[in-house]
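All the letters of the sequence shown, read from the start, carry residue numbers 692 to 910 under our numbering.
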Amino acid sequence: MAESLSPSPGAASFWDQRYRDGTDAWELGQPAPPLAVFLQGHSCAPRPPGRVLVPGCGRGHEAALLADLGFSVVGLDFSREAIREARQLHGSRGGRLHWLQADLFDAQALEASGLAPASLHGVMEHTCFCAIEPIQREAYRTTVLRLLKPGGWLLGLFFCHGRPGGPPYGSDPDGLLQEWLAAGCTAEIWEPAQGSVAQRSDEWLGLFRTPTAHHRSAE
Ligand SMILES: C[S@@+](CC[C@H](N)C(=O)[O-])C[C@H]1O[C@@H](n2cnc3c(N)ncnc32)[C@H](O)[C@@H]1O
């Protein structure tokens, strides 16, 4: 009986509890190395200025990195505990780093907090897509596409393991690519990630772009 009352990964309380308990095996204590190396050195890496969202930012290491690189960043998470810790760890980086406690799938709450349609240059994904239940993935894509400007980018690490269950819920690399292409994006990079931490050899790095205004109006 008590088990049926346990929160599911779709509830903020599930994650709050894990931050409080320290049952946070995803925590790296630093930005994911493949993303950091890519952003700091790859010729295709998005460059500042620009406004970027990090959904499911957790303790905010990727959001802080982006702010240090010169982007204006919103680190979003629906876990009160995650946002509290992120703010405490990284502050506001001189006003370039904003923290928002909100559900990624609550379009009204996002808009009320300044995340209007086409208001972002970029989105950076790290272990949010694998944390949401697979049934929410279409809503994730719809949300990202709504928030990005034409020609905007999604840079992410995606967990492409085939193990059942989750979180982290796995993906099939070909299937995941096809879904972003079917959503209208182009893939500038889609390849096994380099330099992942131990136990994450099945990460893939993706850089996807939304259609430009010209392409959208031609459709
Ligand atoms: C596995 S943790 C990863 C945290 C961080 N990205 C990292 O790599 O350290 C997944 C995060 O996504 C957040 N999350 C899950 N579903 C969410 C939703 N619908 N809206 C906002 N945040 C969500 C959780 O609260 C949690 O902090």
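C-beta atoms are modelled at their ideal positions from N, C-alpha and C, and glycine is treated no differently.
Could you please give me the residues that DSSP links to residue i through a beta bridge?
i           : result
residue 792 : 768
residue 814 : 744, 845
residue 724 : DSSP, once it has assigned bridges, lists no residue as partnering residue 724.
residue 900 : 844, 877
residue 806 : Answer is none; residue 806 lacks a bridge partner.
residue 850 : 894
residue 780 : Paired residue(s): none; residue 780 is not in a bridge.
residue 839 : 811
For residue i, which of helix, strand or coil comes out of DSSP?
i           : result
residue 716 : coil
residue 878 : strand
residue 864 : helix
residue 914 : It is not possible to answer for residue 914, since the shown part of the chain is limited to 692 through 910.
residue 763 : strand
residue 858 : coil
residue 883 : strand
residue 785 : helix
residue 703 : helix
residue 825 : helix
residue 830 : helix
residue 749 : coil
residue 889 : coil
residue 773 : helix
residue 736 : coil
residue 820 : coil
Around the C-beta of residue i, are 16 or more other C-beta atoms found within 10 angstroms, so that it is buried, or is it exposed?
i           : result
residue 863 : exposed
residue 747 : buried
residue 712 : exposed
residue 767 : buried
residue 822 : buried
residue 888 : exposed
residue 786 : exposed
residue 650 : Residue numbering for the chain in the displayed model covers 692 to 910; residue 650 lies beyond these limits and cannot be assessed.
residue 843 : buried
residue 813 : buried
residue 737 : buried
residue 856 : exposed
Cβ contact check for the stretch 792-799 and the stretch 725-734: 3 or more pairs under 8 Å: no
The stretch 879-886 contacting the stretch 826-842, beta-carbon criterion three pairs below 8 Å: no
- Query: Are the stretch 808-827 and the stretch 717-726 in contact at 8 Å, needing three or more beta carbon pairs?
  - Reply: yes
* Could you say if the stretch 752-763 and the stretch 820-833 meet the contact criterion of at least three C-beta pairs nearer than 8 Å? => The count of Cβ pairs closer than 8 Å, one atom from the stretch 752-763 and one from the stretch 820-833, stays below three, leaving the stretches out of contact.
Stretch-stretch touch, CB-based, cutoff 8 Å, three pairs: the stretch 766-783 with the stretch 702-710:
yes
Q) Are the stretch 849-864 and the stretch 795-810 touching, with three or more C-beta to C-beta distances below 8 Å? A) No: fewer than three Cβ pairs fall under 8 Å.
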